[in-house]
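**Q** Take the sequence shown: its position 123, counting from 1, is numbered 181 in our numbering, and each next residue is one higher. All C-beta atoms, glycine included, are put in the ideal place defined by N, C-alpha and C. Keep in mind that this is a model prediction, so the values were computed, not measured. For reference, the structure I am asking about is given below.
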Amino acid sequence: MTPNKIQLWGATLWDFYFTHRIPSVPRFITASTGSKLLKWMTKQGETDHAIHEMTSAANEEDPREIPPFPISEVIEAQEMNIRLGIYGISKSIDKDQRSDEAKGVFCPESYPAPWPLLPFSYEAAPLEHYIPLYQLPSKIVVHDPWDLLSVSKDADEYSNKEYDWASSEGRTYLYRQFLSEKGEERNKEEPKAKKAKKTRRRLKALKDLHIDDPDILSDNLDAMLLVPSSVTPGPSEPPILALYEPAPDPKPAEIAHLYLSPAKLMGEGHHSLVANAEWEIPRSLVVPDILCYECILEDVHQTLLASDGADGSMKDEKWKAKSGVWQKHQGGHPTEVVPAALEQLQFDSEHRLPIQPLASYVLCSGSLETKYKYVGPFRPIKTNVKWQNGENYCAHISKRLHIDEGTRAHPLTAKVSVVAKLSKEDDNHLSHESDIYEEFPRHFFEHWNGYNVVVPLLNPTPVGAVVPQYYGYYEPQEDASRDQYLSPIMLLEKCGLQVAVDNLNMDDRIECASLFFRLHHEGYLHESVYPRNVLGQKGPLDRPVYQRGTGDFTEDGRKYTFRLIDFGRTREYNSPSQRSHEEMVVGKMTKHTWYDD
Numbered sequence: 059m060t061p062n063k064i065q066l067w068g069a070t071l072w073d074f075y076f077t078h079r080i081p082s083v084p085r086f087i088t089a090s091t092g093s094k095l096l097k098w099m100t101k102q103g104e105t106d107h108a109i110h111e112m113t114s115a116a117n118e119e120d121p122r123e124i125p126p127f128p129i130s131e132v133i134e135a136q137e138m139n140i141r142l143g144i145y146g147i148s149k150s151i152d153k154d155q156r157s158d159e160a161k162g163v164f165c166p167e168s169y170p171a172p173w174p175l176l177p178f179s180y181e182a183a184p185l186e187h188y189i190p191l192y193q194l195p196s197k198i199v200v201h202d203p204w205d206l207l208s209v210s211k212d213a214d215e216y217s218n219k220e221y222d223w224a225s226s227e228g229r230t231y232l233y234r235q236f237l238s239e240k241g242e243e244r245n246k247e248e249p250k251a252k253k254a255k256k257t258r259r260r261l262k263a264l265k266d267l268h269i270d271d272p273d274i275l276s277d278n279l280d281a282m283l284l285v286p287s288s289v290t291p292g293p294s295e296p297p298i299l300a301l302y303e304p305a306p307d308p309k310p311a312e313i314a315h316l317y318l319s320p321a322k323l324m325g326e327g328h329h330s331l332v333a334n335a336e337w338e339i340p341r342s343l344v345v346p347d348i349l350c351y352e353c354i355l356e357d358v359h360q361t362l363l364a365s366d367g368a369d370g371s372m373k374d375e376k377w378k379a380k381s382g383v384w385q386k387h388q389g390g391h392p393t394e395v396v397p398a399a400l401e402q403l404q405f406d407s408e409h410r411l412p413i414q415p416l417a418s419y420v421l422c423s424g425s426l427e428t429k430y431k432y433v434g435p436f437r438p439i440k441t442n443v444k445w446q447n448g449e450n451y452c453a454h455i456s457k458r459l460h461i462d463e464g465t466r467a468h469p470l471t472a473k474v475s476v477v478a479k480l481s482k483e484d485d486n487h488l489s490h491e492s493d494i495y496e497e498f499p500r501h502f503f504e505h506w507n508g509y510n511v512v513v514p515l516l517n518p519t520p521v522g523a524v525v526p527q528y529y530g531y532y533e534p535q536e537d538a539s540r541d542q543y544l545s546p547i548m549l550l551e552k553c554g555l556q557v558a559v560d561n562l563n564m565d566d567r568i569e570c571a572s573l574f575f576r577l578h579h580e581g582y583l584h585e586s587v588y589p590r591n592v593l594g595q596k597g598p599l600d601r602p603v604y605q606r607g608t609g610d611f612t613e614d615g616r617k618y619t620f621r622l623i624d625f626g627r628t629r630e631y632n633s634p635s636q637r638s639h640e641e642m643v644v645g646k647m648t649k650h651t652w653y654d655d
């Protein structure tokens, strides 16, 4: 079961089972999954039946979160292209920036040539992964040369015009993050949860290495097994276990810069204006620090020279003893043909006797991989190698980046693409919507493998995120001298364009409906069920952009991923009839079932 606690989950479409209790009543169906049936049959001792199905259920993959394609890889590739002059337009560094615009990673000295760049001079990578509220910038400097923040014009008034950042007026405003009560609670709980998750992951990694040394476990160090270049099954000397400090967490960002352009407007509603914005944030928020493997090998080698001697004559006897064993085993499973189910019978036209059952078969692809597992004591060696974050790279990483050692390869910031939603004056929908985002459960923002059957649907649907990633709600800093209206800003993930229901296939319509029903499962009504509030984009998101939308990287061939937006009216419901009514509205909107009759 995934964190959404929906009972029916299966890793593949073949892991669901449906019983038509009364065939003449189309929706009188009992649904279950292979894993649930396996547990029940095992408990009842009915293990002599459905052997292939039970084997398949026993080998079913567990639920796991699927993160989007690493934005760090996109940013690093863009930085290389910028260094080579392939794209990006340089701008002069403003030495007279006020202090709140040039703090820390934004100070002029942090930008190597050809940085900094003009806003929107290249296509910034879309930000798609979750960032905890406590790590979001507490302040943002908003660059708004064309007065979008006043929300005083319609979107079409900005169209068919040129907007030149090189000659634009340097109009900036300071905004501060605002948190709801639920947001404040999450701010306190998320660091604890992240620390606990990190500890569990570390202990699991050590457990997988069969490490039970209390000294290693108590030092809060991560470990890396240095596997010899050639491994032979059988007795062996203890291999080296390199110990190093765990990766540092990104520090909460104090400040970031947001750039707004009328040329990047995405849409307009009754209460809001939506723009594609460029967000310059501390690079450490989206690009993890690097631990150099070559540096670890060199450091371990120097330690061994000092302790064992160049010829090994000083090596302790306990490290010479073959006290451990390398074991060879095959992982994965072979390709096999499995009978699925009897689909129908052919009958003799005269005597109505069955001629031959038509059985269907499934080719289950497999993969076998030879692996070696070590069991026994390790030789722990603590390294002094530090994580690197861009301020000074070692010779190995500098070589990979094609820069001279000691030369800064990139700024300490990175530009990403997000959606900025602005509110018209005297309207509280945006404030309410931000509160809703901050109280939504974490799994609404997560992508998981497999499928759910979500009430009232009978078809399995993917377990993707329900809503866009939320990157904070910001309000302008009070200024007694300013009499102009400035809109608050809500930052979100860019999730594509609104759907055209008639252009969707039936699977996509059902998936769109499932998003509303998952909202219902957590006790919420959307209260604005329209196609404009369902966005679709090419997927899956764990693939690079050029591989999305092909259908080649999903089990069921789906090409798109969907998300719900616009929660300005969303509320909790207090009676089943309210939920049932919105289910009917969803059915009529998505046209996925009898609701459309």
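So what does K256 bridge to, in DSSP terms?
**A** Looking at the DSSP assignment, K256 forms no beta bridge with any residue, so it has no partner.
**Q** Curious, which full-length beta strand (DSSP E) runs of at least 3 residues does the segment 495 to 564 contain?
**A** If we require 3 residues or more, the beta strand (DSSP E) runs fully inside the segment 495 to 564 come out as 528 to 534 and 547 to 550.
**Q** What does the alpha-carbon distance come out to for the pair I129 and N278?
**A** Each residue's Cα considered, the two are about 28 Å apart.
**Q** What do you reckon, are the CB atoms on A69 and L95 nearer than 8 Å?
**A** No.
**Q** Output the boundary residues of the beta strand (DSSP E) element that contains M324.
**A** Looking at the DSSP string, the run of the beta strand (DSSP E) that includes M324 is L323 to E326.
**Q** Ignore the nearest five residues each way along the sequence and tell me which others in R576's own chain have a CB closer than 7 Å to its CB.
**A** Same-chain partners within the cutoff: N62, V512 and V524.
**Q** What are the partner residues of H78, as DSSP defines its beta bridges?
**A** Answer by DSSP bridge pairing, in chain order: I87.
**Q** Return the CA-CA distance between F502 and I547, expressed in angstroms with no decimal places.
**A** When rounded, the distance between both Cα atoms is 21 Å.
**Q** Who are the near neighbours of D462 in its chain, counting only those whose CB is closer than 7 Å to its CB and skipping five residues on each side?
**A** Within the same chain, D462 has close Cβ partners S456.
**Q** G508 to Y351, Cα distance in whole Å?
**A** Distance between the alpha carbons of G508 and Y351: 35 Å.
**Q** Report yes if the C-beta distance between L206 and L550 is below 8 Å; otherwise report no.
**A** No. Outside cutoff.
**Q** Report back the beta-carbon spacing between L194 and A311 to the nearest angstrom; my notes put them in contact at under 8 Å.
**A** Indeed, because the Cβ distance is near 7 Å, the residues count as touching under 8 Å.
**Q** According to DSSP, simplified to helix, strand and coil, what is A115?
**A** Note: A115 maps to helix in three-state DSSP.
**Q** What number of angstroms, rounded off, separates the C-alpha of R466 from the C-alpha of S342?
**A** Rounded to whole angstroms, R466 to S342 spans 15 Å at the Cα level.
**Q** On the DSSP letters alone, give me the boundaries of the beta strand (DSSP E) that H97 sits inside.
**A** One point to set straight first is that residue 97 is Lys, not His, in the sequence displayed. Careful: K97 lies outside any beta strand (DSSP E), inside the alpha helix (DSSP H) at G92 to Q102.
**Q** Any idea if P293 is buried or exposed, counting beta-carbon neighbours within 10 angstroms, 16 or more meaning buried?
**A** Answer is exposed; the Cβ neighbour count stays below 16.
**Q** When the Cα atoms are used, what is the spatial distance from R629 to Y231?
**A** Cα-Cα distance, rounded: 32 Å.
**Q** Look at the Cβ atom of F236, then the Cβ atom of Y531, and state whether they are nearer than 8 Å.
**A** Taking 8 Å as the Cβ cut-off, F236 and Y531 qualify as a contacting pair.
**Q** Helix, strand or coil: how does DSSP classify V443 here?
**A** Note: V443 maps to coil in three-state DSSP.
**Q** When you compare only the Cα positions, how much space is there between V592 and S572?
**A** Taking the straight line joining both Cα atoms gives about 12 Å.
**Q** Tell me the rounded alpha-carbon separation between A224 and H487.
**A** Cα to Cα, A224 sits roughly 35 Å from H487.
**Q** Might you give, ordered along the chain, the residues of its own chain that have their beta carbon closer than 7 Å to the beta carbon of T651, omitting 5 neighbours on each side?
**A** These residues qualify, in order along the chain: G645.
**Q** Give the single residue among P170, D222, Y302 and L191 whose Cα lies nearest to the Cα of A251.
**A** Ranking the options by Cα distance to A251, first place goes to L191.
**Q** Between which residues of its own chain and H359 is the CB-CB distance below 7 Å, once the five residues before and five after are set aside?
**A** Correct list: empty, nothing qualifies.
**Q** When you compare the segment 120 to 127 with the segment 294 to 314, are there three or more beta-carbon pairs, one atom per stretch, that lie closer than 8 Å?
**A** These segments do not touch.
**Q** Quick one: grab the DSSP three-state call for K646.
**A** Helix at K646.
**Q** Run through the DSSP bridge pairs and tell me what T428 is partnered with.
**A** Its beta-bridge partners are Q388.
**Q** Between which two residues does the beta strand (DSSP E) carrying Q235 extend?
**A** Where Q235 is concerned, the enclosing beta strand (DSSP E) stretches over T230 to Q235.
**Q** Quick one: what's got a C-beta closer than 8 Å to W445's C-beta in the same chain, skipping five residues either side?
**A** Cβ within range, chain order: E303, A305, P306, D347, I348 and L349.
**Q** For the segment 85 to 101 and the segment 493 to 501, state whether three or more C-beta atom pairs, one from each stretch, are separated by less than 8 Å.
**A** Contact fails: fewer than three Cβ-Cβ distances are below 8 Å.
**Q** Does DSSP put P174 in a helix, in a strand, or in coil?
**A** In this structure, P174 counts as coil in the three-state DSSP scheme.
**Q** Using a Cβ-Cβ cut-off of 7 Å (strictly less than) and excluding sequence neighbours within five positions of T648, which residues of its own chain qualify?
**A** Counting only Cβ-Cβ distances below 7 Å, and skipping sequence neighbours, we find V559, R567, C570 and A571.
**Q** Less than 8 Å between the beta carbons of S545 and V199, yes or no?
**A** Contact: no.
**Q** I'd like the span of the alpha helix (DSSP H) that includes N139, first residue to last.
**A** Unbroken alpha helix (DSSP H) run through N139: I129 to R141.
**Q** Leaving out five residues before and five after A725 in sequence, what residues of the same chain have Cβ atoms less than 6 Å from its Cβ?
**A** Missing from the structure shown is residue 725; the chain here goes from 59 to 655 and no further.
**Q** Would you mind stating whether Y145 and Y169 have Cβ atoms separated by less than 8 Å?
**A** No. Outside cutoff.
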